[in-house]
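Residue numbers (our numbering): 134 to 384.
We put the CB at the ideal spot given by N, CA and C, even for glycine.
Below is one structure, written out as structure tokens, with a few remarks after it.
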């Protein structure tokens, strides 16, 4: 039986070669005004995705362009619900104008990490998603509180792993700025991807392996070498016999 994996990347952030990345991926999370993004960049990213048959998702975040949404802000779950709703609606309006269906929501950066560990925040995110469209997928860090919250709400979930991020012994991402946070070598990233997809495990930065489940594989689009990384990952996945398809497209 053919094995399937979604390959996703963040787009519309104003710092990557989106046009070179899109042909390599099956789904995209588009910045919608928090850490990056404007109506124009959203339109351009949606059109790119439509041209290449790539599933479109929203990438809401803390409103903090100075730190690219990677600094945690003190916000209540209720305020986060409003934030996720407002940003996702912005992209939803662009999608409707382009006759493109919004397929998923994936929080960005510090909001993603907070929802991964804080059940109240995770519940706020999934409540916002469910109210917008209960058919939307939630992309969430594998094994996290956001996965559990989305399933409890009855939403479809894609458990996410990262090609070029380091993992802790608890299966969480190594915080940015700490040793082992980012994998710079393409070959090392390929080795991590193979281990995650074939063995259902990931090597922790401090040693040892951690169980992990992967429905979708993420590459960060703001890397300087993101386009080359995307091509290498795409070729590796195909060579390993995987069908690259967005969640729901291989059912």
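My output table needs one value for residue 356: the three-state DSSP class, helix, strand or coil. coil
Which residues in the same chain have their Cβ closer than 6 Å to the Cβ of residue 134, if we skip the five residues on either side of it in sequence? In this prediction, residue 134 has a pLDDT of 41, which is less than 50 and means its spatial position is unreliable; nothing more can be read from the coordinates.
Between the CA atoms of residue 298 and residue 317 - distance to the nearest angstrom: 9 Å
By DSSP's criteria, residue 158 is part of a beta bridge. Which residues make up the other side? For residue 158, which the question treats as bridged, DSSP gives no partner whatsoever.
Return the chain-ordered list of same chain residues with a C-beta closer than 6 Å to the C-beta of residue 112, the five sequence neighbours on each side being excluded. This structure leaves residue 112 out entirely; the chain is present only between 134 and 384.
Can residue 271 and residue 290 be called in contact, C-beta distance under 8 Å? yes
Member of 205, 350 and 359 whose CA lies at the smallest distance from the CA of residue 376: 350
Return the CA-CA distance between residue 162 and residue 341, expressed in angstroms with no decimal places. 31 Å
Less than 6 Å between C-beta atoms, sequence neighbours within five positions excluded: which residues of the same chain meet that for residue 225? 235
Would you identify the three-state DSSP class for residue 349, choosing helix, strand or coil? strand
Can you say whether residue 379 is buried or exposed, counting buried as having 16 or more other CB atoms within 10 angstroms of its CB? buried
Just list the residues that DSSP pairs residue 197 with in beta bridges. Paired residue(s): none; residue 197 is not in a bridge.
Proximity to residue 183 [Cα-Cα], best of 320, 156 and 371: 156
Beta strand (DSSP E) containing residue 139: first to last residue? 136–144
May I have the straight-line CA-CA distance separating residue 198 from residue 382, to the nearest angstrom? 33 Å
Applying the 10 Å Cβ sphere with the 16-neighbour rule, what's the burial state of residue 238? buried
Quickly, what does DSSP pair residue 163 with across the bridge? List them, please. 144 and 191
What does the Cβ neighbour count give for residue 304, buried or exposed, with the cut at 16 atoms within 10 Å? buried
Could you tell me the distance, in whole angstroms, from the CA atom of residue 219 to the CA atom of residue 187? 23 Å
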